[in-house]
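S.K.: Submitted below is the structure of interest, expressed as structure tokens.
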Amino acid sequence: MRSTRAALHSAVDRSADGRPAHLVVAERLIDNLPVGRNTYKDPAQRNVVRWGRRGVPESWVNQSQCASFITAVLRRAYPRWATRWFFAKHFGSRSPYARGYLNAFASGGVPHFAVVAEVADLRPGDLIAIDFRQDQGTNTGHIVMVREVKEVYDGRSSFEGETQYAVEVVDCTSEPHGVFGVGDYPAFPDSRIVDGSTQHTGAGYGHMMFYASDATGGFSRYRWSVNSSASCTTGERPIVAVRVEPGLFG
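Numbering (this note's numbering), first residue to last: 3 to 252.
Below is the structure:
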């Protein structure tokens, strides 16, 4: 029989509808952020991610990059274990970049994170890290949180031996996912794109296209959006996905 303490922590780890706590925390921030207080930060700026009070728009702030946004969300959702010490020990930095996340995930053995090997197994709250394999300072790659795997998509950019999935993601970016009104964009939009001439940076919801090898089920490539003509294979840009497992003391 589960202890009262275990039951209480389980209730914190997931919402009433089963969504993991870190997804709920991320959505709460995004849904309350005013446009003027939600930005993708420059490298020289400090990270500021602040959960405020409902009805007080100016109390909510996001000034971060993709990885620092994810770190802030995890620390907010799981203060018992997602500490500065935890990230420094397991990721080599109190605020790792996307490449740092990917390398740690790929090496295995990081507490509270379990590799998700197959694209079809992705669930809400899973993290997907991409290494751009370039030397551009802080722009080492990208990391997103899965909000929902929408569907198998075959509208464009199909590749033999691969299955393409449309995945709604939560992320912080300087380049929103998609081109307003073009092709299938209305079915797979980005919350930061207002119209054909206006878009914003920062945290929000978008859609990326991830491909699975039909032979293994594993990641084979991705596209930035449903509109993207170019794709990047995992040989060009490695991808690792993980599931956050808070455990008893989440």
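The beta carbon of each residue, even a glycine, is placed where N, CA and C say it ideally should be.
Which runs of the beta strand (DSSP E), 3 residues or longer, sit entirely within the stretch 180-220?
M.R.: Those beta strand (DSSP E) runs which fall completely within the stretch 180-220 and span 3+ residues are 204-215.
S.K.: With the cut-off set at 9 Å, would you say TYR42 and THR142 are in Cβ contact?
M.R.: Within the sequence shown, the letter at position 40 stands for residue 42. Within the sequence shown, the letter at position 140 stands for residue 142. Their beta carbons are not under 9 Å apart, which means TYR42 does not touch THR142 by this criterion.
S.K.: Please tell me whether CYS174 and ASN64 are closer than 9 Å, where the distance is taken between their beta carbons.
M.R.: The residue labelled residue 174 in the question sits at position 172 within the sequence shown. The residue labelled residue 64 in the question sits at position 62 within the sequence shown. A contact, by the Cβ cut-off of 9 Å.
S.K.: Distance check for ALA74 and SER95, CA to CA, integer angstroms please.
M.R.: To locate residue 95, count along the sequence shown from 1; it is residue 93. To locate residue 74, count along the sequence shown from 1; it is residue 72. Whole-angstrom Cα-Cα distance: 13 Å.
S.K.: In its own chain, which residues sit with a C-beta less than 6 Å from the C-beta of PRO191, not counting the 5 before and 5 after it?
M.R.: Translated into positions along the sequence shown, residue 191 becomes position 189. For PRO191, where only same-chain residues beyond five positions count, there are no Cβ hits under 6 Å.
S.K.: Throw me the rounded Cβ distance for the TRP62 and ASN105 pair, which I believe falls under 8 Å.
M.R.: Reading the sequence shown from its first residue, position 60 is the one you call residue 62. Reading the sequence shown from its first residue, position 103 is the one you call residue 105. With a Cβ gap of about 32 Å, TRP62 and ASN105 do not count as contacting.
S.K.: Between the Cα of PRO22 and those of ARG225, VAL184, ALA46, ARG125, spot the shortest distance and give me the residue it belongs to.
M.R.: Counting from one through the sequence shown, the residue named residue 22 turns up at place 20. It is ARG125.
S.K.: DSSP puts GLN67 in a beta bridge; with which residues?
M.R.: Along the sequence shown, one-based indexing puts residue 67 at 65. Partner(s): none; GLN67 has no beta bridge.
S.K.: In or out: ALA168 buried (at least 16 other Cβ within 10 Å) or exposed?
M.R.: Within the sequence shown, the letter at position 166 stands for residue 168. So ALA168 ends up on the buried side.
S.K.: With DSSP run on the structure shown, which of helix, strand or coil describes HIS144?
M.R.: In the sequence shown, residue 144 corresponds to position 142, counting from 1. HIS144 falls in the strand class under three-state DSSP.
S.K.: Would you mind sorting GLU162 into buried or exposed? The rule is 16 or more other CB atoms within 10 Å of its CB.
M.R.: In the sequence shown, the residue the question calls residue 162 occupies position 160. Its Cβ having fewer than 16 others within 10 Å, GLU162 is exposed.
S.K.: Are there 16 or more other CB atoms within 10 angstroms of the CB of TRP226, so buried, or fewer, so exposed?
M.R.: Against the sequence shown, residue 226 aligns to sequence position 224. Under this definition TRP226 is a buried residue.
S.K.: Quick one: what's VAL172 bridged to in DSSP?
M.R.: For the purposes of this step, residue 172 is taken as the residue at position 170 of the sequence shown. DSSP lists MET147, TYR207 as partners of VAL172.
S.K.: How about GLU60 and ARG39: do their beta carbons lie closer than 9 Å?
M.R.: On the sequence shown, residue 60 is found 58 positions in, with the first residue counted as 1. On the sequence shown, residue 39 is found 37 positions in, with the first residue counted as 1. Going by C-beta atoms, GLU60 is nearer than 9 Å to ARG39.
S.K.: Look at the alpha carbon of PHE89 and the alpha carbon of SER97, and state the distance between them as a whole number of angstroms.
M.R.: Translated into the one-based positions of the sequence shown, residue 89 becomes position 87. Translated into the one-based positions of the sequence shown, residue 97 becomes position 95. Distance between the alpha carbons of PHE89 and SER97: 7 Å.
S.K.: With GLU150 and GLU164 assumed to form a contact (beta carbons below 8 Å), what rounded beta-carbon distance in angstroms separates them?
M.R.: In the sequence shown, residue 150 corresponds to position 148, counting from 1. In the sequence shown, residue 164 corresponds to position 162, counting from 1. The Cβ separation is near 21 Å, so there is no contact.
S.K.: Can you round the beta-carbon distance between GLU238 and ARG135 to whole angstroms, since I take them to be within the 8 Å contact cut?
M.R.: As a position in the sequence shown, residue 238 is number 236, starting the count at 1. As a position in the sequence shown, residue 135 is number 133, starting the count at 1. Contact holds; Cβ gap of about 7 Å.
S.K.: Between which two residues does the beta strand (DSSP E) holding ASP133 run?
M.R.: For this step, residue 133 is matched to residue 131 along the sequence shown. Unbroken beta strand (DSSP E) run through ASP133: 129-133.
S.K.: For GLY127, I'd like the list of residues in its chain whose CB is within less than 8 Å of its CB, leaving aside the five on either flank, ordered along the chain.
M.R.: Position 125 of the sequence shown, counted from the first residue, corresponds to residue 127. Hits under 8 Å: ARG21, PRO22, HIS24, LEU25, MET147, VAL148, ARG245, VAL246.
S.K.: Is it the case that the Cβ atoms of ALA243 and ALA79 are separated by a distance below 9 Å?
M.R.: One-based indexing of the sequence shown puts residue 243 at position 241. One-based indexing of the sequence shown puts residue 79 at position 77. In this structure, ALA79 does not lie closer than 9 Å to ALA243 by Cβ.
S.K.: Would you decide whether SER109 is buried or exposed? Buried here means 16 or more other CB atoms lie within 10 Å of its CB.
M.R.: Residue numbering aside, residue 109 sits at position 107 when the sequence shown is read from its first letter. That one is exposed.
S.K.: With a 10 Å radius around its C-beta and 16 neighbouring C-beta atoms as the bar for buried, classify ALA69 as buried or exposed.
M.R.: Translated into positions along the sequence shown, residue 69 becomes position 67. It counts as buried.
S.K.: Which word fits VAL154, buried or exposed, when buried means at least 16 other C-beta atoms lie within 10 angstroms of its C-beta?
M.R.: Position 152 of the sequence shown, counted from the first residue, corresponds to residue 154. VAL154 comes out exposed.
S.K.: Could you tell me the alpha carbon to alpha carbon distance between ALA100 and ARG56, rounded to whole angstroms?
M.R.: Translated into the one-based positions of the sequence shown, residue 100 becomes position 98. Translated into the one-based positions of the sequence shown, residue 56 becomes position 54. Their Cα atoms are separated by approximately 31 Å.
S.K.: Along the chain, which unbroken stretches of the alpha helix (DSSP H) at least 4 residues long are found entirely within the stretch 56-108?
M.R.: Taking only runs of at least 4 residues, the alpha helix (DSSP H) segments lying wholly in the stretch 56-108 are 68-79, 86-93.
S.K.: Do ALA205 and ILE32 count as a contact pair if the criterion is CB distance below 9 Å?
M.R.: Walking along the sequence shown from the start, residue 32 turns up at place 30. Walking along the sequence shown from the start, residue 205 turns up at place 203. Yes, they are a contact pair.
S.K.: Is GLN47 buried or exposed, if buried means 16 or more other CB atoms sit within 10 Å of its CB?
M.R.: Indexing the sequence shown from 1 puts residue 47 at position 45. The residue in question, GLN47, is exposed, as its Cβ has fewer than 16 Cβ neighbours within 10 Å.
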